[in-house]
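Novice: Next up is a structure, given as structure tokens.
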Amino acid sequence: MRRRAIAAALVAIAVVAVPTGPLWAFSAPHPPQPKQLTVSGFVIGRIAKGNKIRLGILAFDPRTFTDLQSVAVALILHGQVLERVTFFVREQQLQLGDQPRIDISKTASLTSGFFRMNPRTVRLIRGTFAIRVTMWAVVRETVPKATTVRVVATGEGGQVTYAKEKVGIYGGFLTWGTFAIGFLLALLIGAFLANLRWSRRYRALRPSIWDVLERRLREERVRPGLLAGVGADGGSP
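The working numbering puts the last residue of the sequence shown at 807; the count rises by one with no breaks.
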């Protein structure tokens, strides 16, 4: 009982002695305020038919993230928009192509020319001056290799900014990697088939043990007659 009282007193003294100044106050620093509306993005995965990719957009607004109207990802080919995915910040809605907007809480999927998307995969992270939006999409059709990926941010005042992202576009399954793997597999399969054919041919040409024995028996039958016709001095009898 006495030890418990002493321990409690020591704990109380330690709590009182801990300084409460700003040295012990921890808080995450605020991000620097951007000078203008900026945007960047990323794509995780291979943009090829049948693949599932993750689209990401990071937008900064000099006032606050609530001044952002929308962010978008677009596939551009020679100045023409092939596909566009737009997320409206305040409304929390997703739009694929020219289709009507849909709330990200809905389970209905969106399907367009190149993408198929589920609005429930949209993830939004808010900051003081920025937002980060990610979403999943399934590539439905082959995207031309000359296509570029562009991310766009639009402010409430009508200001628009965009950035071009370097993303690999794969027209199909055949790439340099798959070509090298297929070439090596073809070489290995060809060598295996050639060795198998040669081994069968070699076994067919090689005499069996019974053939060898029969030949030896024939030689033994011939040898006594030949020896009987030869004299002791090497001449004929």
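Every residue, glycine too, gets a C-beta built ideally from N, C-alpha and C.
In the DSSP assignment, find the unbroken beta strand (DSSP E) run with Gln-662 in it and report its ends.
Specialist: For Gln-662, there is no enclosing beta strand (DSSP E), as DSSP marks it with neither H nor E.
Novice: Using CA coordinates, which residue listed in Lys-605, Ile-614, Gln-606 is at the minimum distance from Glu-735?
Specialist: Closest option to Glu-735, Cα to Cα, is Ile-614.
Novice: Taking the C-alpha atoms as reference points, what is the distance between Arg-690 and Ile-701?
Specialist: 18 Å
Novice: Which residues mark the beginning and the end of the beta strand (DSSP E) in which Gly-649 is found?
Specialist: It is not in any beta strand (DSSP E) - Gly-649 carries neither H nor E in the DSSP assignment.
Novice: Take every Cβ of the region 654 to 663, pair it with every Cβ of the region 673 to 682, and state whether three or more of those distances are shorter than 8 Å.
Specialist: With a cut-off of 8 Å, the region 673 to 682 and the region 654 to 663 count as touching, because enough Cβ pairs lie within range.
Novice: Compute the Euclidean distance between the alpha carbons of Lys-619 and Thr-717, then round it to the nearest angstrom.
Specialist: 14 Å
Novice: Does the count of Cβ pairs from the region 618 to 635 and the region 702 to 711 closer than 8 Å reach three?
Specialist: yes
Novice: Quick test of your reading: Leu-638 and Leu-645, contact by CB under 8 Å. State the CB separation rounded to the nearest angstrom.
Specialist: Between Leu-638 and Leu-645 a beta carbon distance of about 22 Å is seen, past the 8 Å cut, so the two are scored as non-contacting.
Novice: Per DSSP, what are the beta-bridge partners of Arg-702 in this structure?
Specialist: Leu-628, Ile-695
Novice: If you draw a straight line from the alpha carbon of Glu-790 to that of Glu-784, how long is it in whole angstroms?
Specialist: If you take the alpha carbons of Glu-790 and Glu-784, they lie about 10 Å apart.
Novice: Tell me the DSSP bridge mates of Leu-638?
Specialist: Looking at the DSSP output, Leu-638 sits in a beta bridge with Gly-725.
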